[in-house]
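Heads up: take any position in the sequence shown, counting from 1, add 514, and you land on my numbering.
Note that the Cβ used here is the ideal one computed from N, Cα and C, for glycine as well.
Treat the numbers as computed from the prediction; the structure is a model and nothing was measured.
First up is the structure itself, then whatever we jot down about it.
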Amino acid sequence: GLALLRLAQGRTAAAVAAIRRAVGATTDRLKRMRLLPAHIEIMLAAGDVQDARNACQELAEIARSFDTGMPGAIAAQACGAVELAEGNAQAALGLLRRAFEVWQRIEVPYAAARVRVLIGLANRALGDEDGADLEIDAARSIFERLGATPDLARIDALMTAVPAGHSHGLTPREQQVLRLVATGEADVYPRLGTTMEWDTAAGHAVLAAAGGARRDPTTPAHPGPARRRAAASRSAATRGSLRIRGGPSTP
């Protein structure tokens, strides 16, 4: 409980320390099953996907030892979140829908709403914007009814970070700039608003492929490919004008 509270407060490092301490001190399988979903959620928030994957495997193994559907739903939801974080949206969708069916059947609206947010994100990653909006709007309605303020804030943050209609997180203008960088017609790809990991990675990959490099904006600039071509063109034009004024040049 304390670890998730710290996460909701934005104190991710404190949440990581608290959940690791709790999991490390617990050996009983049933108690670990209660802790592992929070461990996975916090590790994903901290960017430690491998740790989350390891916890997911343990959780799934524990869940298989129970005959009831709830442990399986808990494991499916947590592992679906891990698959989504690893970029496997299609695999995530199957796990998340399985969890949702259980929460719906046993009437656990809060858990159902949380998994619908993940389903919406998986749909968005697969390019299904209508499906994503449907799931997230349904989750929002349940959170509002339950008074789940932190979950409503999380939805708002997700919608701000990933603009509707742009599953890759890039606006049309940003796509245009990246195309210019890729063809050598622009040297700079600034990110002045909210920046997510995939935005940075996309810009860096295109810049590197175009022969450029990242730099601190406070350091002196060095000529990029477009500037080098422009300088070469100006130099050639100058040489041409000198030849015209002074006659044929000698080798």
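In this structure, does DSSP put residue i in helix, strand or coil?
| i | result |
| --- | --- |
| Ile-656 | helix |
| Ala-590 | helix |
| Arg-628 | helix |
| Leu-640 | coil |
| Ala-662 | coil |
| Gly-515 | coil |
| Thr-752 | Confidence at Thr-752 is low in this model, with a pLDDT of 41, below 50, so the placement of that residue is unreliable and no value is reported for it. |
| Leu-521 | helix |
Hey, quick one: how far does the alpha helix (DSSP H) through residue i stretch, first residue to last?
| i | result |
| --- | --- |
| Ala-613 | 603-619 |
| Thr-526 | 526-538 |
| Glu-600 | Element bounds for Glu-600: n/a, residue is neither H nor E. |
| Arg-548 | 543-560 |
| Gln-571 | 563-577 |
Suppose contacts are defined by Cβ-Cβ distances below 9 Å. Is residue i in contact with residue j by that definition?
| i | j | result |
| --- | --- | --- |
| Arg-534 | Thr-526 | no |
| Leu-558 | Ala-603 | no |
| Arg-630 | Ala-652 | yes |
| Pro-577 | Ala-589 | At residue 577 the sequence reads Ala, which differs from the Pro that was named. Contact: yes. |
| Leu-635 | Ala-592 | no |
| Ile-554 | Ala-529 | no |
| Gly-645 | Arg-612 | no |
Find the nearest neighbour of residue i within the set the options, judged by alpha-carbon distance.
| i | options | result |
| --- | --- | --- |
| Ser-579 | Arg-543, Leu-549, Arg-659 and Ile-554 | Arg-543 |
| Ala-552 | Ala-539, Thr-541, Gln-564 and Ala-532 | Ala-532 |
| Leu-518 | Thr-540, Ala-605, Ala-560 and Ala-646 | Ala-560 |
| Trp-617 | Ala-636, Arg-567 and Ala-626 | Ala-626 |
| Leu-632 | Leu-573, Met-584, Leu-648 and Thr-541 | Leu-648 |
| Leu-607 | Leu-640, Tyr-624 and Glu-575 | Leu-640 |
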